[in-house]
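Engineer:
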Amino acid sequence: MPARFLTVIRVAAALVGGLVLLSCEEPVELTIEQTKSRLVINSNFLPGEPVSLRISATRPVGGPVAAAITDAVVTLYEGDELAEELDYHTDESGGLGGHYRTKHFRPQVGQRYTVHVRAPGYDPVTAVSSIPEPVQLTGLQIVTLSSAVADNKLTYDFTLLVEYADPDHEVNYYDLRVYQRVTPYKLSDDGDTIRMSPYLKTVSTPAYEAGQAETISVLLQDRGPRGGVQVHLRSYLDPRQELLGEIVAELRTVSPEYYYFQRSLGPDLSGVSGGLQEPIILFNNVSSGLGIFAGYTSVQLALQLVASL
Numbered sequence: 054m055p056a057r058f059l060t061v062i063r064v065a066a067a068l069v070g071g072l073v074l075l076s077c078e079e080p081v082e083l084t085i086e087q088t089k090s091r092l093v094i095n096s097n098f099l100p101g102e103p104v105s106l107r108i109s110a111t112r113p114v115g116g117p118v119a120a121a122i123t124d125a126v127v128t129l130y131e132g133d134e135l136a137e138e139l140d141y142h143t144d145e146s147g148g149l150g151g152h153y154r155t156k157h158f159r160p161q162v163g164q165r166y167t168v169h170v171r172a173p174g175y176d177p178v179t180a181v182s183s184i185p186e187p188v189q190l191t192g193l194q195i196v197t198l199s200s201a202v203a204d205n206k207l208t209y210d211f212t213l214l215v216e217y218a219d220p221d222h223e224v225n226y227y228d229l230r231v232y233q234r235v236t237p238y239k240l241s242d243d244g245d246t247i248r249m250s251p252y253l254k255t256v257s258t259p260a261y262e263a264g265q266a267e268t269i270s271v272l273l274q275d276r277g278p279r280g281g282v283q284v285h286l287r288s289y290l291d292p293r294q295e296l297l298g299e300i301v302a303e304l305r306t307v308s309p310e311y312y313y314f315q316r317s318l319g320p321d322l323s324g325v326s327g328g329l330q331e332p333i334i335l336f337n338n339v340s341s342g343l344g345i346f347a348g349y350t351s352v353q354l355a356l357q358l359v360a361s362l
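Residue numbering for the sequence shown follows this note's numbering, beginning at 54 and increasing consecutively.
Here is the structure:
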């Protein structure tokens with residue numbers, strides 16, 4: 054890897070191969086002391102799906118929580134051509150303020166997209182990004198695996214080797230996520246096992262036990278000299294009500310904007326203290342505002358964990 058990237062390795066002791074950074078992705082509220090509020094955009098988009106944006110505003114330190122921006126005019130351009138004006142949709146689950154979404158337009162790989170946002174009382178903002186070509190996962194392998202039971206909780210401790218077809222002679226950025234598929238179940242009055250719909254459950258690391266609303270994220274630039282990345286993970290299961298399924302790896306090939314924003318979010322989950330903590334400075338690609346507008350693609354590969362025991 055180029056030497057100029059070595060300064061960002063904060064969790065390298067827990068991972069092997071490539072330039073990696075382990076972070077926990079969760080919502081971040083911007084609280085910034087300034088005389089004038091600015092619009093904040095939050096949007097990650099992928100090919101074939103509607104483009105969706107959440108729009109809020111900064112607020113002074115200690116001031117009231119900013120109300121949702123529901124009266125913005127949001128336009129999306131593909132190259133220099135108008136693609137669509139986005140409609141506002143109220144969030145049915147409540148609490149997140151709704152979002153703006155395209156009706157018919159779906160973005161594609163390799164195109165440049167520009168979003169313009171205007172709202173009464175705020176300076177207009179602009180952001181630009183694109184969707185990179187997807188890079189395929191080529192292999193998953195369990196390198197080490199152990200299990201233990203304590204307090205009705207089954208813990209799998211494993212090292213996962215992830216291989217992917219990183220192209221030569223070009224810079225690429227990735228976000229690797231790993232999940233555990235589980236199937237909830239219950240016993241009928243007759244003692245039969247009734248299986249319910251499976252779902253993907255978050256995994257943790259030896260240094261950090263992730264909550265259900267969090268996602269462990271491994272950020273990579275290009276690929277290490279050994280051709281793959283090893284990640285030390287832990288998966289937790291309640292054997293009284295959950296059946297173990299596959300380990301699912303998702304490799305997102307991401308735009309530079311996505312990569313640098315996610316890298317600026319993450320705490321160091323290595324468990325190693327470095328003394329005084331540096332202030333968090335969020336990456337921003339929104340002109341005259343704050344936030345992120347970024348494209349990515351996604352591929353997945355799965356394998357059975359218990360088959361490796």
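Built from N, CA and C at the ideal position, the CB exists for glycine as well.
No experiment lies behind these values; they were computed from the predicted model shown.
Is VAL359 close to chain D, meaning its C-beta is less than 7 angstroms from at least one C-beta of that chain?
Structural biologist: Absence of chain D from the displayed structure is noted, only one protein chain being present.
Engineer: Spell out the partners DSSP gives HIS285 in its beta bridges.
Structural biologist: According to DSSP, HIS285 bridges with THR212.
Engineer: Three-state secondary structure (DSSP) at PHE158?
Structural biologist: Looking at PHE158 - three-state DSSP - the assignment turns out to be coil, as it is neither helix nor strand.
Engineer: From ARG171 to PRO177, what does the alpha carbon distance come to, in whole angstroms?
Structural biologist: Roughly 5 angstroms separates the two Cα atoms.
Engineer: Taking the C-alpha atoms as reference points, what is the distance between VAL301 and ALA355?
Structural biologist: Whole-angstrom Cα-Cα distance: 4 angstroms.
Engineer: Among residues of its own chain, excluding the 5 on either side of LEU193, which ones have a beta-carbon nearer than 8 angstroms to its beta-carbon?
Structural biologist: LEU213, LEU214, VAL215, GLU216, ILE300, ALA302, LEU354, ALA355, LEU356.
Engineer: Is the stretch 94 to 103 touching the stretch 339 to 353 in the sense that three or more CB pairs, one from each, lie closer than 8 angstroms?
Structural biologist: As far as the Cβ criterion goes, the stretch 339 to 353 touches the stretch 94 to 103, which means the pair count is three or higher.
Engineer: Bridge partners for THR143 per DSSP, in chain order?
Structural biologist: None; THR143 has no bridge partner.
Engineer: Which residue or residues does DSSP assign as beta-bridge partners of LYS239?
Structural biologist: Note: LYS239 sits in a beta bridge opposite ILE247.
Engineer: May I have the straight-line CA-CA distance separating VAL359 from TYR261, to the nearest angstrom?
Structural biologist: In a straight line, the C-alpha of VAL359 is about 23 angstroms away from that of TYR261.
Engineer: Going by C-alpha to C-alpha distance, which of VAL126, ASP228, ALA180 sits closest to TYR141?
Structural biologist: For the residues VAL126, ASP228, ALA180, the minimum Cα distance to TYR141 belongs to VAL126.
Engineer: Looking only at C-alpha atoms, which of GLN274, GLY264, ILE195, THR268 sits nearest to HIS285?
Structural biologist: The shortest Cα separation from HIS285 among GLN274, GLY264, ILE195, THR268 belongs to ILE195.
Engineer: Taking the C-alpha atoms as reference points, what is the distance between VAL69 and ARG276?
Structural biologist: Because VAL69 carries a pLDDT of 40, less than 50, the predicted location of this residue cannot be relied on, and the following value inherits that uncertainty. Between VAL69 and ARG276, the C-alpha separation is close to 10 angstroms.
Engineer: Given LYS156, which residues of its chain have a CB within under 7 angstroms of its CB, disregarding the five upstream and five downstream residues?
Structural biologist: Excluding sequence neighbours, LYS156 sits near GLU137, ASP140.
Engineer: Let me confirm a value: SER340 is counted as buried when at least 16 other C-beta atoms fall within 10 Å, else exposed. Which label applies?
Structural biologist: It is exposed - the Cβ of SER340 has fewer than 16 other Cβ atoms within 10 Å.
Engineer: When the Cα of PRO309 is compared with those of VAL224, ILE247, ASN205, PRO259, which residue comes out closest?
Structural biologist: Minimum Cα distance to PRO309 is reached at VAL224.
Engineer: Roughly how far, in whole angstroms, is the beta-carbon of THR258 from the beta-carbon of MET249, given that I think they are within contact range, below 8 angstroms?
Structural biologist: THR258 to MET249, Cβ: 28 angstroms. No contact.
Engineer: Please report the residue range of the beta strand (DSSP E) in which LEU193 lies.
Structural biologist: Residues 190 to 203.
Engineer: If you measure between the beta carbons of LEU92 and GLY342, is that distance less than 7 angstroms?
Structural biologist: Yes, the pair counts as a contact, with Cβ atoms nearer than the cut-off.
Engineer: To the nearest angstrom, how far is the alpha carbon of THR128 from that of TYR313?
Structural biologist: For THR128 and TYR313, the distance between alpha carbons rounds to 24 angstroms.
Engineer: From GLN294 to LEU253, what does the alpha carbon distance come to, in whole angstroms?
Structural biologist: Approximately 15 angstroms between the Cα atoms of the pair.
Engineer: Can you tell me the Cα-Cα spacing of ASP228 and THR197, whole angstroms?
Structural biologist: ASP228 and THR197: Cα-Cα distance of roughly 23 angstroms.
Engineer: Go ahead and pull the three-state DSSP assignment for PHE336.
Structural biologist: Coil, per DSSP.
Engineer: Use the C-beta contact count for ASP242: other C-beta atoms within 10 angstroms, 16 or more gives buried, fewer gives exposed.
Structural biologist: Counting Cβ neighbours within 10 Å, ASP242 comes out exposed, since fewer than 16 surround it.
Engineer: Given this structure, state the Cα-to-Cα distance separating ASP204 from VAL271, to the nearest angstrom.
Structural biologist: Each residue's Cα considered, the two are about 30 angstroms apart.
Engineer: Measure the CB-CB distance between SER90 and THR123 and report whether it falls below 7 angstroms.
Structural biologist: Not a contact, by the Cβ cut-off of 7 angstroms.
Engineer: Going by CA-CA distance only, name the one from ASP221, PRO251, ALA201 that's closest to ARG234.
Structural biologist: Minimum Cα distance to ARG234 is reached at PRO251.
Engineer: Suppose you measure from the CA of ALA218 to the CA of ILE269; what does that come to, to the nearest Å?
Structural biologist: Looking at the two C-alpha atoms, the distance is approximately 22 angstroms.
Engineer: So TYR238 and LEU296 are supposed to be a Cβ contact under 8 angstroms. How far apart are they, rounded?
Structural biologist: Right, their Cβ atoms sit about 6 angstroms apart.
Engineer: Look up LEU290 in the DSSP assignment and say whether it is helix, strand or coil.
Structural biologist: Reduced to three states, the DSSP call for LEU290 is strand.
Engineer: Taking the alpha carbon of SER183 as the point to measure from, which residue in GLY264, VAL104, LEU335, LEU318 has its own alpha carbon closest?
Structural biologist: When only C-alpha atoms are compared, the closest one is VAL104.
Engineer: Quick one, which of THR208, TYR130, TYR311, VAL202 has its alpha-carbon nearest ARG165's?
Structural biologist: The shortest Cα separation from ARG165 among THR208, TYR130, TYR311, VAL202 belongs to TYR130.
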